[in-house]
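Quick note: the sequence shown, position 189, residue 255 per our numbering, numbers continuous. Every residue gets a Cβ at the ideal spot worked out from N, C-alpha and C, and that includes glycine. Everything on this sheet refers to the single structure shown next.
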Amino acid sequence: MKKGQIAEGKVEKILFPNKGVVTAEGQPVVVKNALPGQKIRFCISKARNGRLEGRLLEVLERGQTERQPACENFGQCGGCLYLSLPYEEQLRIKETQVKEILDQAVLGAYVFEGILPSPRPYGYRNKMEFSFGDAYKDGPLSLGMHKRGSFYDVVTADSCQIVDEDYRKILMATLGYFREKGTPYFHKMTHRGFLRHLLVRKGTKSGEILIDLVTTSQEGNWSEEEKGEFAKLLLKLELQGTIAGILHTVNDSLSDVVKNDGTRILYGKDHFYEALLGLRFRITPFSFFQTNSLGAETLYEKVREYVGDAARGRTVFDLYSGTGTIAQMLAPVAKKVTGVEIVEEAVAAARENARTNGLSNCEFLAGDVLKVIDEITDKPDLIVLDPPRDGIHPKALKKIIDFGVERIVYISCKPTSLARDLAALQAGGYRAEKAVAVDMFPWTGNVESLMELKKVL
């Protein structure tokens with residue numbers, strides 16, 4: 067088959083994270099965002115070294131297990147992949163993907179414990195960063211998620227199912243207010259405009275809500291009267307939760323990220339506290355925290371099980387520690403826990419949370435794991451790893467292996483990265499004992515994986 071050729075076929079399976087496999091003219095073709103059982107029309111976008119990739123043009127027939135999705139923007143919005151499938155079918159797909167990836171990477175026998183579902187499949191997210199834009203060039207103002215495959219177009223997320231009704235009400239009230247005002251959004255090409263993002267956080271346990279409008283400093287100053295008017299509008303909404311704070315953040319960065327160049331409180335306070343496994347964590351608009359609180363409890367309970375008694379009275383390294391949730395979970399039984407994290411804001415939050423929880427045997431260091439572990443004088447008895455999506459730098463992984471601890475617990479949000487790092491871990495004398503998948507991100511193609519490894523004596 068040649069690039070540009072159009073073909074049809076039935077999707078046989080889906081590889082992690084969103085790669086549908088179709089056979090056309092006797093050759094396998096990878097087509098992103100196609101679901102198993104669908105008959106699709108696609109265009110060959112890449113043909114190189116015998117490997118074919120296609121771009122989805124049209125779904126001609128749905129798969130047998132598909133149903134009408136709960137969100138009218140499904141297929142346009144780039145957020146969800148599996149929303150037209152029953153939740154049990156999504157779990158089966160993710161479980162199969164993770165097992166196949168790990169089976170190919172693990173040397174010898176190990177126990178795969180399947181997949182643990184999210185306690186709340188719908189409305190599970192405790193944080194959303196909605197973008198301002200338009201759904202098409204020069205169209206009306208929209209507020210929501212980027213359109214699938216587009217860097218510019220934004221789909222209004224008025225029926226988003228991964229958040230609860232409070233998020234949707236806040237989104238629509240904000241959109242209606244600024245549409246009526248005729249306020250321009252920030253254009254990525256011209257770097258002109260005012261509105262950038264609407265950041266909403268809600269405590270799963272407390273129900274407290276933070277709302278942060280992120281804008282540029284352009285279009286003159288947002289007047290005090292307008293700020294008060296916007297805050298009053300939101301406070302009049304009938305919500306299940308309680309608004310703890312309404313904020314205004316200025317971001318003049320040219321990149322499309324939520325960056326804080328200064329935040330002002332328009333109402334209330336700039337934080338609330340979230341509970342996780344009996345611990346308290348201070349949440350601000352830009353705090354680093356798991357986006358699925360109940361799913362995080364499921365994951366961390368499993369981490370605690372895999373750690374077992376290995377932390378009792380011992381020295382623990384929590385590498386890539388984020389805001390130190392795992393470190394604080396293990397601290398009550400450990401002799402000492404040292405967390406290392408490259409993001410300084412996360413380290414500051416970890417230290418503050420440890421003080422809040424009365425934990426004096428936690429130490430959090432800011433810096434690259436590759437460099438920082440050379441400076442730590444303590445020697446670990448147990449190492450917990452929770453690296454970013456791309457996994458661990460090979461040089462850092464070698465240093466981790468050289469500690470020679472009896473047990474390593476590896477948490478991964480990308481199973482292919484875990485599989486890659488397993489090669490070095492196994493070559494370094496570690497054996498995979500057991501693994502499990504955890505669905506932290508229902509309806510998306512992402513899945514968390516957890517593995518326990520032991521040193522071969």
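DSSP three-state call for residue i: helix, strand or coil?
i, result
"MET67", "coil"
"GLY199", "strand"
"TYR339", "strand"
"TYR476", "strand"
"LEU81", "strand"
"LYS235", "helix"
"PRO481", "helix"
"ILE110", "strand"
"PHE140", "strand"
"ARG380", "coil"
"TYR153", "helix"
"ARG158", "helix"
"GLY271", "First, the amino acid is wrong: residue 271 is Lys here, not Gly. In the structure shown, LYS271 sits in coil (DSSP, three-state: anything other than H, G, I, E or B)."
"PHE244", "helix"
"LEU168", "helix"
"PHE296", "helix"
"ILE72", "strand"
"LEU126", "strand"
"LEU261", "strand"
"ARG486", "helix"
"ALA462", "helix"
"ALA493", "helix"
"GLN163", "helix"
"GLU179", "strand"
"GLY147", "According to the sequence displayed, residue 147 carries Leu and not Gly. If DSSP states are grouped into helix, strand and coil, LEU147 belongs with coil."
"LEU10", "What is shown of the chain runs 67 to 523, which leaves residue 10 out entirely."
"ILE467", "helix"
"GLU91", "coil"
"GLU132", "coil"
Can you find a C-beta in chain B that's less than 7 Å from the C-beta of residue i?
i, result
"GLY75", "No chain B appears in this structure, which consists of one protein chain only."
On a Cα-Cα basis, can you pick out the residue from the options that is closest to residue i?
i, options, result
"GLN170", "LYS521, LEU488, PHE469, VAL504", "LEU488"
"VAL345", "VAL125, LEU305, MET395, GLY70", "Correcting the residue identity first, residue 345 is Leu in this sequence and not Val. Here the closest residue by C-alpha is MET395."
"GLY199", "ALA490, LEU342, PHE252, LYS368", "PHE252"
"ILE474", "GLU411, ILE467, ILE449", "ILE449"
"ARG573", "GLU124, LYS98, PRO94", "Nothing in the structure corresponds to residue 573, since the chain is present only between 67 and 523."
"ALA501", "TRP509, ALA485, PHE507", "ALA485"
"MET255", "TYR148, LYS271, ASP219", "ASP219"
"LYS464", "GLY494, SER478, ASP456, ASN358", "GLY494"
"VAL435", "ASP384, GLY248, LYS76, GLU246", "ASP384"
"TYR333", "TYR339, LEU300, GLY361, LEU343", "LEU300"
"GLY210", "PHE217, ASP224, SER216", "ASP224"
"GLU340", "VAL323, ASN326, GLU363, ILE331", "GLU363"
"LEU392", "VAL438, GLU274, LEU365, THR240", "Per the sequence presented here, residue 392 reads as Ile, with Leu not at that position. Among VAL438, GLU274, LEU365, THR240, the Cα nearest to that of ILE392 belongs to LEU365."
"MET194", "THR422, GLN227, ILE110", "GLN227"
"GLY379", "LYS368, VAL369, GLU367, ALA397", "ALA397"
"VAL177", "LYS76, PRO185, LYS165", "LYS165"
"GLY361", "GLY92, VAL96, ASP230, ARG191", "ARG191"
"GLY390", "ASP456, THR404, ALA377", "THR404"
"ARG330", "ALA297, LYS271, ASN84", "ALA297"
"LEU519", "LEU168, GLU367, PRO250", "LEU168"
"GLY86", "ALA100, ALA73, GLN93", "ALA100"
Can you round the beta-carbon distance between residue i and residue j to whole angstroms, since I take them to be within the 8 Å contact cut?
i, j, result
"ARG214", "GLN104", "Wrong, their Cβ atoms sit about 15 Å apart, outside the cutoff."
"LEU303", "LYS401", "Going by Cβ atoms, the distance from LEU303 to LYS401 rounds to 49 Å, so no, they are not a contact pair."
"GLU522", "TYR496", "Contrary to the premise, residue 522 reads as Val rather than Glu in this sequence. About 7 Å separates the two Cβ atoms, so the contact holds."
"PHE244", "ASN358", "About 29 Å; that fails the 8 Å criterion."
"TYR372", "LEU451", "Actually they are not in contact, since the Cβ atoms of TYR372 and LEU451 sit about 12 Å apart, beyond 8 Å."
"SER426", "GLY457", "So it is not a contact: roughly 32 Å between Cβ atoms."
"GLY129", "VAL97", "That pair is no contact at about 14 Å."
"VAL88", "GLY70", "That pair is no contact at about 17 Å."
"PRO460", "ALA490", "7 Å"
"LEU81", "VAL504", "At roughly 19 Å, the Cβ-Cβ gap does not stay under 8 Å, so LEU81 and VAL504 are not in contact."
Open item on the list: Taking contact to mean 3 or more Cβ pairs, one atom from each stretch, closer than 8 Å, check whether the stretch 261–273 and the stretch 337–357 are in contact.
Closed with: yes
- [ ] Please specify which runs of the beta strand (DSSP E), each continuous and at least 3 residues long, are wholly inside the stretch 385–460, giving them in chain order.
- [x] 402–407, 428–432, 448–451
TODO: Could you name each continuous alpha helix (DSSP H) segment of 4 residues or more that falls completely within the stretch 346–379, going from the start of the chain to the end?
DONE: 359–373
Task: At least 3 beta-carbon pairs within less than 8 Å: the stretch 279–293 vs the stretch 303–316 - done: yes
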